[in-house]
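*Asks:* Heads up: the sequence shown begins at 154 in the working numbering, then just goes up one per residue.
The C-beta atom is built at its ideal place from N, Cα and C for all residues, glycine as well.
What follows is a single structure, and I will ask about it in a moment.
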Amino acid sequence: MEILYTIINSAPGVPDWAFIVLCFASFFTSVVSAAFGLGGGAMMVAIMASLVPPIAVIPVHAVVQVSSNFTRALMMWKHIKFTWMIPFVIGTIIGALIGGQIVFAIPKHLLQGIIGIFVIYTLWGPAVKAIKSSFITFVGVGAFASFATMFVGGTGPLIAPFIKASTTERQMTVATHGAFMSWQHGIKIITFGLLGFAFGPYIILMVAMILFGIFGTWSGKTILNWMPEHIFKRAFNTVLALLAIRLLYEALKGYFF
Numbered sequence: 154m155e156i157l158y159t160i161i162n163s164a165p166g167v168p169d170w171a172f173i174v175l176c177f178a179s180f181f182t183s184v185v186s187a188a189f190g191l192g193g194g195a196m197m198v199a200i201m202a203s204l205v206p207p208i209a210v211i212p213v214h215a216v217v218q219v220s221s222n223f224t225r226a227l228m229m230w231k232h233i234k235f236t237w238m239i240p241f242v243i244g245t246i247i248g249a250l251i252g253g254q255i256v257f258a259i260p261k262h263l264l265q266g267i268i269g270i271f272v273i274y275t276l277w278g279p280a281v282k283a284i285k286s287s288f289i290t291f292v293g294v295g296a297f298a299s300f301a302t303m304f305v306g307g308t309g310p311l312i313a314p315f316i317k318a319s320t321t322e323r324q325m326t327v328a329t330h331g332a333f334m335s336w337q338h339g340i341k342i343i344t345f346g347l348l349g350f351a352f353g354p355y356i357i358l359m360v361a362m363i364l365f366g367i368f369g370t371w372s373g374k375t376i377l378n379w380m381p382e383h384i385f386k387r388a389f390n391t392v393l394a395l396l397a398i399r400l401l402y403e404a405l406k407g408y409f410f
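Right, dumping it as structure tokens:
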């Protein structure tokens with residue numbers, strides 16, 4: 154019992170009850186990401202923002218999410234579309250390098266608003282398929298998403314429309330999105346490490362959340378395989394719209410209040 158108490162009180166600034174909430178949140182958000190292709194990361198960063206010290210939210214979130222996304226990609230690796238992965242990784246490195254230099258200089262709500270407006274546009278404006286998938290397109294997507302994720306954490310909704318437009322069925326969409334986000338969060342972890350963030354004090358919390366997240370990913374994959382294609386498409390767009398609305402709300406709140 155004493156060991157358990159030590160474990161759940163190990164993370165600086167995170168109460169024991171919050172430690173437990175974060176573990177179950179990791180499970181639930183991983184279920185959402187694996188079943189619908191996105192949404193879990195944005196939910197997770199919103200929950201963490203209320204329970205984890207501000208300086209640790211984005212770096213710790215990156216570690217938990219790289220595990221969740223990589224697990225999803227690994228479980229569904231046969232469905233990953235690798236065509237645009239290299240340009241995306243190149244863009245991700247560029248964006249992280251630029252974002253790392255000015256990570257405290259740009260208002261978070263400004264980027265939240267930009268991403269929210271873009272996602273709304275992709276849902277109800279001209280189809281993203283009109284934007285031809287190309288090397289330059291995915292370098293640009295990777296760069297901007299990686300730049301933005303240094304400030305807002307969950308940029309899966311920004312990448313999702315491009316992944317959806319370049320894939321043909323739900324397993325391919327979910328697996329490819331997981332693989333791309335694994336690169337983005339992995340490079341972000343390296344960048345925060347170089348900037349001097351100390352991950353050590355949060356290692357037990359991160360391991361616990363990762364373990365709960367792996368089980369959640371497996372559960373979500375089961376739901377995805379059971380789900381009909383037309384229901385997946387409807388659920389995917391609904392989750393994307395809700396995330397965009399939340400981003401716009403946070404942007405307006407940050408601007409006016």
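With the cut-off set at 8 Å, would you say Gly248 and Ala296 are in Cβ contact?
*Replies:* Yes, Cβ-Cβ distance for Gly248 and Ala296 is below 8 Å.
*Asks:* Roughly how many whole angstroms lie between the Cα atoms of Phe223 and Ala215?
*Replies:* Phe223 and Ala215: Cα-Cα distance of roughly 12 Å.
*Asks:* Between the region 355 to 374 and the region 225 to 240, are three or more C-beta pairs nearer than 8 Å?
*Replies:* Yes, they touch.
*Asks:* Please return the same chain residues whose Cβ sits closer than 7 Å to the Cβ of Glu382, not counting the five positions on each side in sequence.
*Replies:* Counting only Cβ-Cβ distances below 7 Å, and skipping sequence neighbours, we find Glu322, Arg323.
*Asks:* Verify whether the separation of the beta carbon atoms of Met303 and Gly252 is less than 8 Å.
*Replies:* In this structure, Gly252 lies closer than 8 Å to Met303 by Cβ.
*Asks:* Under 6 Å Cβ to Cβ from Gln218, same chain only, skipping five residues before and after it: list those, please.
*Replies:* Gly194, His338, listed in sequence order.
*Asks:* According to DSSP, is Pro207 part of a helix, a strand, or is it coil?
*Replies:* Note: Pro207 maps to helix in three-state DSSP.
*Asks:* State the start and end residues of the unbroken alpha helix (DSSP H) segment that holds Ile363.
*Replies:* Segment 356 to 379, the alpha helix (DSSP H) holding Ile363.
*Asks:* Just reading off the alpha helix (DSSP H) that Trp116 is part of, what are its end residues?
*Replies:* Nothing can be reported for residue 116, as the shown portion of the chain is limited to 154 through 410.
*Asks:* Out of curiosity, what's the CA-to-CA distance linking Gly362 and Pro310?
*Replies:* A small fix is needed here, since residue 362 is Met in this sequence, not Gly. Cα to Cα, the separation comes out at about 22 Å.
*Asks:* Any idea what DSSP makes of Leu191, helix, strand or coil?
*Replies:* In the structure shown, Leu191 sits in coil (DSSP, three-state: anything other than H, G, I, E or B).
*Asks:* Under 8 Å between the Cβ atoms of Gly331 and Ser179?
*Replies:* In this structure, Ser179 does not lie closer than 8 Å to Gly331 by Cβ.
*Asks:* Since Ala388 and Phe189 are thought to touch, with beta carbons under 8 Å apart, how far apart are those beta carbons, to the nearest angstrom?
*Replies:* Rounded, the Cβ-Cβ distance is 5 Å, consistent with contact.
*Asks:* Roughly how many angstroms lie between the CA atoms of Ile357 and Pro207, to the nearest whole one?
*Replies:* The alpha-carbon atoms of Ile357 and Pro207 are separated by roughly 18 Å.
*Asks:* Where do the N-terminal and C-terminal ends of the alpha helix (DSSP H) with Ile251 fall, by residue?
*Replies:* Where Ile251 is concerned, the enclosing alpha helix (DSSP H) stretches over 238 to 254.
*Asks:* At the level of alpha carbons, what is the spacing between Val242 and Glu155?
*Replies:* Going from the Cα of Val242 to the Cα of Glu155 covers about 44 Å.
*Asks:* Take the Cβ of Lys285 as the centre, count every other Cβ of all protein chains shown within 10 Å, and call the residue buried at 16 or more, exposed below.
*Replies:* Exposed is the call here.
*Asks:* Could you tell me which of Val205, Ile340, Thr159, Phe333 sits nearest to Lys234, measuring between CA atoms?
*Replies:* Nearest C-alpha to Lys234: Phe333.
*Asks:* Considering Cα atoms alone, identify which of Tyr158, Ile268, Ile160 is closest to Glu403.
*Replies:* Among Tyr158, Ile268, Ile160, the Cα nearest to that of Glu403 is on Ile268.
*Asks:* Pop quiz: Tyr355 and Ala209 are said to be a contact at Cβ under 8 Å. What is the actual Cβ separation, rounded to whole angstroms?
*Replies:* Correct: roughly 6 Å between the Cβ atoms.
*Asks:* According to DSSP, is Ser163 helix, strand or coil?
*Replies:* Three-state DSSP puts Ser163 in coil, outside helix and strand.
*Asks:* Please identify the residue among Ser221, Val272, Ala318 whose C-alpha is closest to the C-alpha of Leu401.
*Replies:* Of Ser221, Val272, Ala318, the residue nearest in Cα terms is Val272.
*Asks:* Can you tell me which of the three DSSP states Ile316 falls into?
*Replies:* Helix, per DSSP.
*Asks:* May I ask which residues mark the beginning and end of the alpha helix (DSSP H) holding Met303?
*Replies:* Its alpha helix (DSSP H) spans residues 288 to 305.
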